[in-house]
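Add 12 to the 1-based position in the sequence shown for the working numbering, that's all there is to it.
Built from N, CA and C at the ideal position, the CB exists for glycine as well.
Note sheet for the following structure.
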Amino acid sequence: MRRIDLKKVSVARSNTIRDINRQIVLNYVREKGPISRADIAKETDLQRSTVSHIVKELTDFNLIKEVFGESSGGRPPALLTLRSARPVAIGVDLGTVKTIVGCCDLTGRIIDNVEFFTDRDESRTTELIIRAVQSLMKKYEGMIEGIGVSLPALVDSENEHILFSPHFTWRDPLIAERIHKSTSLPVMVENDANAAALAELWFGRLEVRDVRDFILVFIENGIGTGIVFDGQIYRGPNGVAGEFGHMRIGTDAPTECATGSRECWEAFASERSALSRFEKLSGRSVEEMTFGDLVELSQSGDENAIAALKETARFIGLGLGNLIQGLSPEAIVVGGTIVNVWPLIADEIQAAADSVICQGIHQTMILPSSLGSQPGLFGAFSLVLADKFASISF
Ligand SMILES: [Zn+2]
């Protein structure tokens, strides 16, 4: 699912690869729309008649529509945009605490969603997901084209199979297979951080969509990282690359990582580590607290909550510094509920990252995700949508 680099696009001239030209036109409309046929032809060097022909096909296929622009006297120009408001994809964001099942239109806008607590029992969670998916399919009969599933697990994305989730200790769970069996729709499954990276690539902030190499760091109960090289997710030979959450950065972390170590980055810098720090500072039990509660406390001025978040930010920054030092990406995007307190923690993160980076060499931007505190859901949508934008064939 390589995202086309519109700057480097060279138009395919052979009939056998007409699909590529369709894909180029569709992606121009997606990224630059509302845009006129003439502007697409000018920017892509495609023949005007070819553009018109492709636009007709894409319109017939319900992917794009015409809107009318501002008139400067005379007939207003016909511009093209993606056809929105019609749900096309279902996303399942299977999180460590909550699962969200929603559907979105072609632009990635959420149209409907339900959420429930994730059950540690694989079978029960799968049943709840299937029930939610089926109710959306019934409500939007005939419109849904595919289902994307994002979850904290090692995933064999080629075979759409989940290998292992350290958090839930699920081995070879048949979640994707069971959803496919009960819906007959294509089901695409991906590690949550990889899916969120894909969402940044296709639907994130412009600074990120314009870079070809970046790392998405997804902070939740654990830490996941999705690596994008040259506009494509880097998976490594076994498909399980990007587990920086388990790089060792110290000893005696405030909590354990998903596999029981107190030396891993996620044991120092995850949501759970922040809650543990707050518990220690305030003497209050955090058993009934969520990370969202901690964020709210900090926003109402609670000093212990603020201190716990800042200390956690320092460890987030140390880990980011290591990633920058080793991989020198153009950008690092941080996703998760923690982005809601970005103004409070941004300086700590940057200072800690700078402290481990050799000065004057790296110029990596560190940015909060623009996809809200639930990049997992957008990630799940992106699995379906990116596939659609990347491979249009009729
Ligand atoms: Zn670990």
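Proximity of the beta carbon of H258 to ligand 1 is indicated: a heavy atom of the ligand is located closer than 7 angstroms. Secondary structure in the segment 147-191: the beta strand (DSSP E) runs of 3 residues or longer, each lying completely within the stretch, are 158-163, 166-168 and 173-177 in chain order. Within the same chain, and ignoring the five residues on either side of W182 in sequence, the residues whose Cβ sits closer than 6 angstroms to its Cβ are E134. Secondary structure note for F303: its alpha helix (DSSP H) is the uninterrupted segment F303 to Q311. Under the DSSP assignment, D242 falls outside any alpha helix (DSSP H); it carries neither an H nor an E label.
Under DSSP, F230 shares a beta bridge with G236 and G347. In this structure, A211 sits away from V199, with a CB-CB distance that is not shorter than 8 angstroms. Take M149, set aside five residues on each side of it, and the residues of its chain with a beta-carbon closer than 6 angstroms to its own are I156, in chain order.
Residue range W354 to V368 is occupied by the alpha helix (DSSP H) that includes V368, with no beta strand (DSSP E) assigned at that position.
Annotated as distal: N33 and I76, with beta-carbon spacing of 8 angstroms or more.
Cα atoms of G160 and I102: separation of roughly 6 angstroms, rounded to the nearest angstrom. Counted as a single uninterrupted DSSP element, the alpha helix (DSSP H) harbouring I52 occupies residues R49 to T56.
Relative to W354, the option among S367, I328 and A343 whose CA is nearest is I328.
Here G257 really is in contact with W277; their C-beta atoms are around 6 angstroms apart, less than 8 angstroms.
For I112, the enclosing beta strand (DSSP E) starts and ends at K110 to C116.
F241 sits away from I261, with the two beta carbons spaced by 8 angstroms or more. Counting C-beta atoms within 10 angstroms of its own C-beta, C116 has 16 or more neighbours from the protein chains shown and is therefore classed as buried. Taking 8 angstroms as the cut-off, the Cβ atoms of T376 and I350 do not count as close. Taking the C-beta atoms as reference points, A208 is found nearer than 8 angstroms to F230. The three-state reading of DSSP puts A286 in helix, counting H, G and I together. Relative to ligand 1, S273 has its C-beta within less than 7 angstroms of a heavy atom. Counting every other CB atom within 10 Å of its CB across the protein chains shown gives G154 a total below 16, marking it as exposed. Straight-line spacing of the CA atoms in F176 and A270 works out to 12 angstroms.
Around the beta carbon of R289, 16 or more other beta carbons sit within 10 angstroms, so the residue counts as buried.
Per DSSP, F280 is one residue of the alpha helix (DSSP H) stretching across W277 to A281. Residue A364 holds the alpha-carbon nearest to the alpha-carbon of K322 among S96, A364, D305 and K44. The three-state reading of DSSP puts G333 in helix, counting H, G and I together. Taken through DSSP and simplified to helix, strand or coil, R98 comes out as coil. Per the DSSP secondary-structure output, V145 pairs with nothing in a beta bridge. When the Cα atoms are used, K54 and E127 turn out to be separated by approximately 45 angstroms. Spatial neighbours of V79 in its own chain (CB-CB distance under 7 angstroms, excluding positions within 5 residues in sequence) are listed in chain order as P46, L91 and T93. Distances taken from the Cβ of E278 to the heavy atoms of ligand 1 include one shorter than 7 angstroms. By the criterion of at least three beta-carbon pairs nearer than 8 angstroms, the segment 223-237 is in contact with the segment 102-114.
Rounded to the nearest whole angstrom, the CA to CA distance from T195 to F390 is 21 angstroms. In the three-state reduction of the DSSP assignment, P387 falls in the helix class, which pools H, G and I.
The shortest CA-to-CA distance from V100 to any of G114, P88 and P89 is the one to G114.
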